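S.K.:
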Amino acid sequence: MSAFHREKVLSVQHWTDTLFSFKATRDTSFRFQNGQFAMIGLEVEGKPLLRAYSMASANHEEELEFFSIKVPDGPLTSRLQKIKEGDTILVARKAVGTLVTDSLLPGKRLLMLSTGTGLAPFASLIKDPDVYERYEHVVLVHGCRQVSELAYGERLVERLQNDELFGELMKDKFTYYPTVTREPFRNRGRITDLIESGQIFKDMGQGPLDIETDRIMLCGSPAMLEDLKNMFEERDFIEGSGNKPGHFVIEKAFVER
Ligand code: A2P
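Be aware that the sequence shown starts at 52, since it is given in the working numbering, and climbs by one per residue.
1) With 16 other CB atoms within 10 Å as the buried threshold, where does His111 fall?
2) Along the chain, where does the alpha helix (DSSP H) containing Arg130 start, and where does it finish?
3) Could you pull the DSSP bridge partners for Ile120 from this structure?
4) Applying the 10 Å Cβ sphere with the 16-neighbour rule, what's the burial state of Gly291?
5) Does the Cβ of Ala274 lie closer than 6 Å to at least one heavy atom of the ligand A2P?
6) Taking 6 Å as the cut-off, is the C-beta of Gly194 nearer than that to any heavy atom in the ligand A2P?
7) Would you list the one or two residues that DSSP bridges to Tyr227?
8) Can you grab the Cα-Cα spacing for the pair Asn294 / Pro235, in whole Å?
9) Please report the straight-line C-alpha distance between Lys159 and Val182, rounded to a whole angstrom.
10) What's the C-alpha gap between Asp244 and Arg233?
11) Can you tell me whether DSSP reads Asp181 as helix, strand or coil?
12) Can we say the segment 117-135 touches the segment 183-191, given the rule of at least three CB pairs closer than 8 Å?
13) Would you kindly check if the distance between the Cβ of Thr79 and the Cβ of Lys59 is under 7 Å?
14) Helix, strand or coil: which one does DSSP assign to Tyr203?
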């Protein structure tokens, strides 16, 4: 048995010069937890060329969705950005990853902190009804350089908030906080600085960071992850894992450099 499923591309949407998303068929035997990733890619010269991609779709959805960067000389993304409806992609049979609610201690507020394509696993998690059962507040923070890079997240949040089921679940619980660093926007600055100064909590009209009640998931660039991890550890937050739940969990956004 092959380690991959061959899936058909159903649609592709280009968001900016550097960002696109696509949907593909999902084999009925492919199971995953919301927030996890799988190795996906293309067959190139008869060989699989794969990278880790978080599922942006939720596990209750029939189709798979992925949100990707385009790197001009990236071995995979230079090719993947050209895919079209009807093309074949490879999806590994096994999904893995640390951004799962079972790796966190019980809490009241879930902070999902992302930069760039690090949004992808949270696109899946905010479509998980269980997340809204577990937490009193669910906060999605997305930091980007430019306003245009927020579009995928903005559309998704808008769609969910207008959805009959999710609109109701999210109404009093969910806060979306997009922030931009390199041009004017209603929220400005790096996530690290916004947390350090407490500005983000003021803007949201919520209480400050609190180890008793806050649980955190991080996904973004290596520099952002390192800075946030240090910041939380200085405040005594402990990193969690599958066999030892903690206050926060981390996943790299798997960017090709
Ligand atoms: P900045 O514009 O100040 O570099 P990138 O595209 O480089 O992955 O960055 C995505 C977003 O993450 C940008 O808004 C960027 O801000 C921000 N960022 C980069 N490094 C860090 C860091 N160490 N901590 C917090 N945010 C960061």
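We put the beta carbon where it would ideally sit given N, CA and C, even for glycine. Note that the structure is predicted; figures quoted are calculated from it, not measured.
M.R.: Considering the structure as presented:
1) Numbered from its first residue, the sequence shown carries residue 111 at position 60. So His111 ends up on the exposed side.
2) As a position in the sequence shown, residue 130 is number 79, starting the count at 1. Thr128 to Leu131 is the span of the alpha helix (DSSP H), which, as asked, contains Arg130.
3) Within the sequence shown, residue 120 is the residue found at index 69, counting from 1. Partner(s): Leu70.
4) Position 240 of the sequence shown holds residue 291. Counting Cβ neighbours within 10 Å, Gly291 comes out buried, since at least 16 surround it.
5) As a working note, residue 274 is residue 223 in the sequence shown. Because some heavy atom of the ligand A2P lies under 6 Å away, the Cβ of Ala274 counts as near it: yes.
6) Taking the first residue of the sequence shown as position 1, residue 194 is located at position 143. Yes, Cβ of Gly194 sits closer than 6 Å to a heavy atom of the ligand A2P.
7) Walking along the sequence shown from the start, residue 227 turns up at place 176. Under DSSP, the beta-bridge partners assigned to Tyr227 are Leu191.
8) The residue labelled residue 294 in the question sits at position 243 within the sequence shown. The residue labelled residue 235 in the question sits at position 184 within the sequence shown. Take the alpha-carbon of Asn294 and the one of Pro235: they are about 43 Å apart.
9) Position 108 of the sequence shown, counted from the start, is the residue given in the question as residue 159. Position 131 of the sequence shown, counted from the start, is the residue given in the question as residue 182. Distance between Lys159 and Val182, taken at the CA atoms: about 11 Å.
10) Walking along the sequence shown from the start, residue 244 turns up at place 193. Walking along the sequence shown from the start, residue 233 turns up at place 182. Roughly 14 Å separates the two Cα atoms.
11) For the purposes of this step, residue 181 is taken as residue 130 along the sequence shown, with counting starting at 1. In the three-state reduction of the DSSP assignment, Asp181 falls in the helix class.
12) Result no; under three Cβ-Cβ pairs closer than 8 Å.
13) Walking along the sequence shown from the start, residue 59 turns up at place 8. Walking along the sequence shown from the start, residue 79 turns up at place 28. Taking a C-beta distance under 7 Å as the contact criterion, Lys59 and Thr79 do not qualify as a contact pair.
14) Locating residue 203 in the sequence shown gives position 152, where the first residue counts as 1. Of the three classes helix, strand and coil, the one that applies to Tyr203 here is helix, per DSSP.
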